[in-house]
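Working notes for the structure below.
Residue numbers (UniProt numbering), protein chains in the order written: chain A, 1 to 596; chain B, 1 to 596.
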């Protein structure tokens with residue numbers, strides 16, 4: 001049975017040493033959370049997920065969610081109690097608006113806590129995750145009346161939220177949405193249609209479920225410009241704001257999925273359900289994008305989260321399972337065999353995972369702090385720059401963290417040999433659970449296209465130029481540091497490859513947009529590797545600074561080894577990405593339809 | 001629901017055009033099978049698996065195998081009837097010795113047919129696959145008396161076979177085997193111990209199950225040199241050779257696995273079961289290696305097989321599902337959206353899969369023909385050279401085909417978006433089924449180590465030098481062919497990288513064997529890519545020859561496009577592999593155990 005220990009000290013090291021958390025001391029958004037508070041919250045959060053949430057991971061997979069004939073859904077044994085404890089502990093409302101019962105902690109803190117929650121139990125963590133996304137969308141776009149009615153219950157997690165986009169014939173292409181909304185005399189709308197793949201769409205964890213639903217008001221223009229966003233509660237709030245009359249939305253079935261069995265993925269049938277418009281008519285997509293962008297960041301974290309817990313269990317197994325002998329002769333001749341850990345290829349797998357994990361966590365912390373600034377910085381220029389950086393990096397980390405997170409879960413499973421294929425060991429669940437993160441909230445191909453087609457060229461390349469400048473300035477500022485130099489050179493090379501890719505795209509993407517499409521996934525991964533390499537360089541600088549003060553610890557040494565490993569074994573891939581993407585679209589587009 | 005159409009015409013094209021099948025016309029082993037017979041067998045085999053075996057793939061996954069209280073096991077609905085038909089049709093004994101009721105077709109033909117069988121239903125195909133492996137081991141090492149008793153029933157598939165190696169504490173490290181064999185006065189042995197992960201270990205498909213079991217004779221030397229091989233039937237054959245008394249081996253449980261649910265993976269408890277020695281005492285491992293080497297080739301084919309069926313279904317979906325618009329503007333403005341196939345990144349995924357599949361099938365045909373020569377060539381030098389080539393390429397194709405086959409199943413699933421995650425679509429089953437092939441018959445890390453530590457240095461590098469020479473001669477012989485040149489240059493580059501890797505290993509592996517271990521997986525994949533690139537070059541030559549004769553077809557054009565795609569988008573990875581492996585073991589081995 002897998003175990004999990006949240007990497008609190010790594011998170012705190014990143015905040016303090018790498019990203020100089022102290023510099024935010026008086027900034028709005030951060031004021032409530034000096035580092036000791038942050039650390040206390042993370043420690044307590046870690047304890048909660050380790051003790052309450054993680055032990056339910058396996059039962060969630062085995063039991064799954066069950067739909068009954070009346071459309072009600074039962075979650076796996078223990079989920080209900082754990083969810084009540086999550087709400088009672090204030091974890092759902094950690095960064096919620098105090099006006100609505102939230103704890104007012106900064107948003108980045110909730111993001112960093114969510115890594116632990118998702119490592120512990122991804123299927124479980126999705127319930128509060130979607131709720132927070134729905135809260136954010138409503139906070140940004142709903143009327144005060146709707147906010148006053150829903151947010152007090154949703155912020156705390158007493159009620160949960162969902163996002164309803166997909167229909168049987170459309171996922172990515174939301175312009176095809178058919179669900180219709182008919183205006184009613186009282187100002188509400190009657191919503192009718194079918195939504196599929198609705199995570200946390202029906203369950204028994206909360207007293208009410210608040211669906212945010214994209215639909216088309218009768219007579220609306222075709223395509224994405226005719227889509228509006230509605231709030232459709234499972235139970236209509238009564239005069240006191242308590243769940244009242246049952247609304248016309250029913251769970252028609254649950255999907256049988258590869259993984260995340262503990263989360264109910266519902267088909268929701270709307271039959272004249274009462275809904276209320278959020279924001280303006282036909283402007284539903286921008287409103288939903290608040291939730292989707294948050295969700296993309298959340299899904300990126302899922303990739304890291306599964307990679308981390310998979311690593312921990314694979315490393316433990318490699319330090320316990322004895323099989324074969326060191327290639328240099330028995331390390332422990334008194335034992336029947338040496339540990340798996342003596343085998344270089346086993347180490348390679350573990351190091352690939354961990355060299356990703358620690359750099360990805362650094363990038364997550366960096367992006368989460370940027371998001372905080374984008375939300376709260378008083379200076380509009382700072383906000384703008386932060387928003388640029390966040391928008392640029394969101395598709396990168398969604399795509400790269402989830403692709404690598406899945407690949408890492410597979411590697412961790414491989415360390416277990418045949419036992420990794422058996423359900424009992426729990427490793428194959430990580431693989432199945434991690435797989436969805438590459439798909440939902442915009443399949444990774446969509447992220448890649450968002451990056452090359454929208455985020456990189458946007459505003460004349462302002463965001464990407466700023467990010468290149470950020471890395472370039474770091475490299476330039478540290479170029480005379482001899483101890484750091486070996487880690488900077490490979491990052492410089494990677495950055496060079498990424499800049500060449502950007503130039504190639506600028507030149508060839510305009511000439512033929514299929515060139516951008518054919519280059520998109522390689523560009524995204526080249527970008528991700530470069531950003532992760534840059535993170536390692538920053539981490540190494542922080543480690544060297546500590547060592548220069550005379551501090552010495554195996555944990556600090558390990559970071560240097562991992563950084564070297566990343567430079568030697570993972571960054572060389574950037575050259576291959578550049579070669580591939582530079583090949584252009586001609587061959588990719590050459591085959592006629594019939595030839596496939 | 002997935003569908004499948006066996007690629008018979010591709011197999012025949014490879015035999016005829018690429019590998020000049022006619023040149024074997026009078027060779028022993030091939031004599032019974034002129035190309036028209038080969039094609040007829042493949043066509044009939046294709047029909048059988050498409051109509052009878054493939055429709056059971058999904059039910060096999062959903063139902064799985066069920067163990068009853070008495071230790072008996074029921075296979076999924078329909079498996080029994082399909083297996084009877086498989087035996088009746090002569091498919092199990094296709095290349096079996098006519099002396100024992102086989103059809104005497106060459107072995108390579110059974111290998112090529114098995115690709116189709118495993119595409120159709122991997123879990124099902126394992127039953128006859130293991131049986132044929134057991135037959136081969138017995139044919140090579142068992143006494144005539146044992147052969148006469150068992151092979152007539154096993155060759156036809158009337159009885160099935162298994163291989164029993166793994167025990168709870170040892171998989172790869174067979175020296176740790178504890179199962180004991182106590183000599184009995186009648187010359188038999190009493191076998192006692194527990195074996196796990198026994199594929200097809202217990203089921204209701206056949207009248208008897210013949211276990212080949214590794215065990216240690218009382219007083220045998222420790223380690224691998226004290227292991228013997230035994231045949232232990234489920235039912236002891238009576239005087240007429242019919243299944244008689246029940247033997248002391250019982251299925252204690254079935255594993256709950258990630259995939260291949262239709263195959264019963266048994267824990268087998270031996271309690272003084274009667275067994276008979278195969279070959280010499282303490283020489284069990286070399287005997288079992290006959291079966292294991294065959295099994296490794298079989299597992300390599302599994303990687304290709306799943307990749308092929310996953311491709312077919314992903315391509316069909318991309319030609320049917322409409323989502324979004326071409327980046328160049330609507331291709332079918334009259335429809336609500338364009339086909340998935342207009343998106344370059346969707347094509348990229350499909351082309352990556354297919355550019356692998358067709359080259360891998362070429363390499364499979366090449367290796368299968370080599371195996372035939374190794375078994376049957378009259379000239380000992382030819383046999384030796386063939387055996388060298390087979391031994392060298394076996395770990396390469398086992399490791400590379402299964403790693404890439406799994407990655408391709410994941411890509412094919414990705415083409416389906418959210419629907420790929422739902423069981424009903426069948427794509428996630430391919431992923432789960434493909435995963436085991438990276439693990440069993442020697443995890444891919446073991447294959448990589450076998451390659452760099454044993455197969456490449458063996459006999460002073462004779463086999464690997466011969467293979468480099470084979471590619472080098474092909475490149476040299478065709479260097480003046482202007483039409484072929486664009487395909488040869490990238491292969492030349494890849495070969496150069498592989499040769500550099502071999503030299504690096506020669507130099508550094510001797511100095512520190514951990515350098516070889518740390519380089520192993522990258523070397524294996526570099527080797528695989530080079531071999532696949534070489535196959536594309538040979539395929540292109542064959543295509544150009546046909547086109548030079550005035551033949552023109554979309555299928556021939558497609559091969560040229562796929563070859564270009566492979567050169568542009570897949571071969572660049574060889575440089576990254578070389579960079580990684582050249583980094584050496586120092587960083588890989590640096591972290592102390594506690595730091596993991």
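We treat Cβ as the ideally placed atom computed from N, Cα and C, and that holds for glycine. Being a predicted model, the structure only gives us computed values, none of them experimental.
Item, Value
"Spatially closest choice to residue 523 (chain B) from B:143, B:506 and B:538, by CA coordinates", "B:506"
"Start-end ranges of the alpha helix (DSSP H) lying completely within the segment 98-151 of chain A, minimum 4 residues", "107-120 and 122-141"
"Burial state of residue 517 (chain B) (16 or more Cβ within 10 Å)", "buried"
"Residue environment, residue 323 (chain B), which counts as buried when at least 16 other CB atoms sit within 10 Å", "buried"
"Residue 304 (chain B) - DSSP class collapsed to helix/strand/coil", "helix"
"Own chain partners of residue 78 (chain B) with C-beta closer than 7 angstroms, once the 5 adjacent residues on each side are dropped", "56 and 59"
"Where the beta strand (DSSP E) through residue 230 (chain B) begins and ends", "228-233"
"Residue 424 (chain B) at chain A interface by Cβ criterion, 9 angstroms", "yes"
"Contact list for residue 171 (chain A) against chain B, beta-carbon separation under 9 angstroms", "323, 417, 418 and 419"
"Boundaries of the alpha helix (DSSP H) in which residue 487 (chain A) is found, first to last residue", "485-511"
"Length-filtered (4 minimum) alpha helix (DSSP H) runs lying within the segment 321-392 of chain A", "344-376"
"Sequence-distant residues of the same chain with beta carbon closer than 6 angstroms to residue 398 (chain B), five excluded per side", "296, 299, 300 and 447"
"Three or more C-beta pairs below 8 angstroms linking the segment 245-252 of chain A and the segment 268-283 of chain A", "yes"
"Any C-beta of chain B under 9 angstroms from that of residue 344 (chain A)", "yes"
"Which of helix, strand or coil DSSP assigns to residue 184 (chain B)", "coil"
"Under the three-state DSSP convention, the category residue 19 (chain A) falls into", "coil"
"Nearest-angstrom beta carbon gap, residue 124 (chain B) and residue 45 (chain B) [assumed within contact, 8 angstroms]", "Not confirmed; about 14 angstroms, so no contact."
"Proximal residues to residue 502 (chain B) (C-beta, below 7 angstroms), its chain only, five neighbours per side dropped", "456 and 464"
"Classification of residue 3 (chain B) by the beta-carbon crowding that lies within 10 angstroms, buried from 16 upward", "exposed"
"Simplified DSSP assignment, three categories, for residue 265 (chain B)", "strand"
"Below-9 angstroms beta-carbon distance, residue 202 (chain A) vs any chain B residue", "no"
"Closer than 8 angstroms at the beta carbon, the chain B residues around residue 589 (chain A)", "344 and 347"
"Residue-chain proximity (residue 440 (chain B), chain A), Cβ-Cβ < 9 angstroms", "yes"
"Candidates A:109, A:161 and A:219: closest to residue 198 (chain A) by CA position", "A:161"
"Residue 47 (chain A): first and last residue of the uninterrupted beta strand (DSSP E) it sits in", "Counting along the chain, residue 47 (chain A) falls outside any beta strand (DSSP E), though it belongs to the alpha helix (DSSP H) covering 35-48."
"DSSP-derived helix/strand/coil call for residue 163 (chain B)", "strand"
"Within chain B, the residues that residue 414 (chain A) reaches when beta carbons sit closer than 8 angstroms", "438, 439, 443, 444 and 445"
"CB of residue 373 (chain B) within 9 angstroms of CB of residue 27 (chain B), strictly", "yes"
"Chain-ordered neighbours of residue 428 (chain B) on chain A, where CB pairs are closer than 7 angstroms", "258"
"Nearest-angstrom Cα separation, counted from residue 533 (chain A) out to residue 475 (chain B)", "39 angstroms"
"Residues of the segment 3-23 of chain A whose Cβ lies closer than 9 angstroms to any Cβ of chain B, in chain order", "none"
"Neighbouring residues, chain B, relative to residue 573 (chain A) (Cβ below 7 angstroms)", "576"
"Sequence ranges, beta strand (DSSP E) only - wholly within the segment 417-483 of chain A, length at least 3", "none"
"Where residue 4 (chain B) sits in the DSSP three-state scheme", "coil"
"Residue 1 (chain B) burial status per 10 Å Cβ neighbour count (16 or more: buried)", "exposed"
"Contacts of residue 435 (chain A) in chain B (Cβ-Cβ under 8 angstroms)", "410, 413, 421, 428 and 431"
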